[in-house]
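Q:
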Amino acid sequence: MFTGIITSVGEIAAAERRGDDLRLRIACDYRPETLVIGASVACSGVCLTVTDKGAHERGGWFAADVSHETLTKTTLGGLGAGDRLNLERALKVGDELGGHIVTGHVDGVGEIAGLADDGESLRVTVAAPPALARFIAAKGSMTMDGASLTVNEVEGARFGVNLIPHTRAATTFGALRLGQAVNLEIDVLARYVARLKEAEGL
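Residue numbers for the sequence shown follow the numbering used here, beginning at 206 and rising by one.
This is the structure we're talking about:
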């Protein structure tokens with residue numbers, strides 16, 4: 206379980222194909238003694254398991270195996286050495302819940318459809334997969350590449366968010382570009398409300 210508050214920006218130091226799967230070695234600011242083998246880390250919104258770790262000039266590195274299923278359902282399949290990832294370690298009981306409840310299970314891949322300056326913020330329009338449209342609500346929450354964001358407006362399967370300077374500086378969003386693919390996770394509350402409505406119609 207995560208909150209969508211990014212705590213480090215990692216860099217893929219190595220990407221090794223293992224059949225249809227992929228093993229990533231990710232350099233980050235997390236010191237190796239604070240990482241536990243078997244622990245979960247959200248990597249641009251994808252919950253991965255730490256399988257190895259070590260020291261790095263940045264602080265540490267950890268390895269994670271990415272299954273073929275995950276590679277085909279997220280943006281991780283298109284990444285390689287040198288690419289950057291938003292990182293968040295799993296929530297602990299008693300931690301501040303600064304964003305919203307995030308599971309690390311990607312619901313679909315969206316596309317950056319618009320970028321426009323809005324004061325000091327950046328207004329971003331995202332085209333989500335049509336199947337996710339009914340789960341997106343104005344002033345609701347959306348996880349984009351692991352970051353908890355507030356939805357400003359919704360038009361069909363497109364929605365808008367604002368990125369303040371701090372968010373762009375503390376995440377990979379400082380380098381967003383038109384057409385870029387992003388991992389999306391809908392608000393878990395929206396998922397259950399939709400399921401309840403479906404059940405009422407049975």
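Glycine is no exception: its CB is placed at the ideal position from the N, C-alpha and C atoms.
No experiment lies behind these values; they were computed from the predicted model shown.
Which whole runs of the alpha helix (DSSP H) in the segment 264–322 are 4 residues long or more, in chain order?
A: Runs of the alpha helix (DSSP H) inside the segment 264–322: 273–278.
Q: Roughly how many angstroms separate the alpha carbons of ALA146 and MET206, rounded to a whole number?
A: Coverage of the chain is limited to positions 206 through 407, which leaves residue 146 absent and any answer about it impossible.
Q: Buried or exposed for ILE341, please, with buried defined as at least 16 other CB atoms from any protein chain shown within 10 angstroms of its CB.
A: Stepping through the sequence shown from its first residue, residue 341 is reached at position 136. Classification for ILE341: buried.
Q: With H, G and I counted as helix, E and B as strand and the rest as coil, what does DSSP make of GLU238?
A: Start at 1 with the first residue of the sequence shown, and residue 238 comes out as number 33. GLU238: helix per DSSP, three-state reduction.
Q: Could you tell me the boundaries of the beta strand (DSSP E) in which LYS258 lies?
A: In the sequence shown, residue 258 corresponds to position 53, counting from 1. Looking at the DSSP string, the run of the beta strand (DSSP E) that includes LYS258 is 251–261.
Q: With a threshold of 16 other CB atoms inside 10 Å of the CB of GLY319, please say whether the residue is buried or exposed.
A: Along the sequence shown, one-based indexing puts residue 319 at 114. GLY319 is exposed by the Cβ-count criterion.
Q: Do THR372 and ASP350 come within 9 Å of each other at the CB atom, strictly closer than that value?
A: On the sequence shown, residue 350 is found 145 positions in, with the first residue counted as 1. On the sequence shown, residue 372 is found 167 positions in, with the first residue counted as 1. No; because the gap between Cβ atoms is not below 9 Å, this pair is not in contact.
Q: List the whole-angstrom C-beta distance separating ALA268 from ARG230, where the pair is believed to meet the contact cut-off of C-beta under 8 Å.
A: Stepping through the sequence shown from its first residue, residue 268 is reached at position 63. Stepping through the sequence shown from its first residue, residue 230 is reached at position 25. About 5 Å; that satisfies the 8 Å criterion.
Q: Step through the CB atoms of chain B and report whether any lies within less than 9 Å of the CB of GLY250.
A: As a matter of chain content, chain B is missing from the structure shown, which is built from one protein chain.
Q: What runs of the alpha helix (DSSP H), each 4 residues or longer, lie entirely inside the segment 318–383?
A: Listed in chain order, the complete alpha helix (DSSP H) runs (minimum 4 residues) inside the segment 318–383 are 370–375.
Q: Look up ALA399 in the DSSP assignment and say whether it is helix, strand or coil.
A: As a first step, residue 399 must be located in the sequence shown, where it is residue number 194. Here ALA399 sits in helix by DSSP.
Q: According to the neighbour-count rule (16 or more other Cβ atoms, all chains shown, within 10 Å of its Cβ), is LEU383 buried or exposed?
A: Along the sequence shown, one-based indexing puts residue 383 at 178. Exposed: under 16 other Cβ atoms inside 10 Å.
Q: In terms of DSSP beta bridges, what is ILE231 paired with?
A: Taking the sequence shown and counting its residues from 1, one reaches residue 231 at position 26. According to DSSP, which records beta bridges pairwise, ILE231 is partnered with ILE217 and PHE267.
Q: What residue range does the beta strand (DSSP E) around ALA386 cover?
A: Within the sequence shown, the letter at position 181 stands for residue 386. From DSSP, the beta strand (DSSP E) with ALA386 extends over 386–391.
Q: Under the three-state reduction of DSSP, which class applies to ALA404: helix, strand or coil?
A: Position 199 of the sequence shown, counted from the first residue, corresponds to residue 404. Note: ALA404 maps to helix in three-state DSSP.
Q: Given this structure, state the Cα-to-Cα distance separating VAL359 from GLY215, to the nearest angstrom.
A: Working through the sequence shown from its first residue, we reach residue 359 at position 154. Working through the sequence shown from its first residue, we reach residue 215 at position 10. Roughly 31 Å separates the two Cα atoms.
Q: Quick one: Cα of GLY224 to Cα of GLN385, how far?
A: Counted from its first residue, the sequence shown places residue 224 at position 19. Counted from its first residue, the sequence shown places residue 385 at position 180. Looking at the two C-alpha atoms, the distance is approximately 27 Å.
Q: Report buried or exposed for ASP322, applying the criterion of at least 16 other Cβ atoms within 10 angstroms of its Cβ.
A: Counting from 1 along the sequence shown, the entry for residue 322 is found at position 117. Classification of ASP322: exposed, given that the 10 Å Cβ count is below 16.
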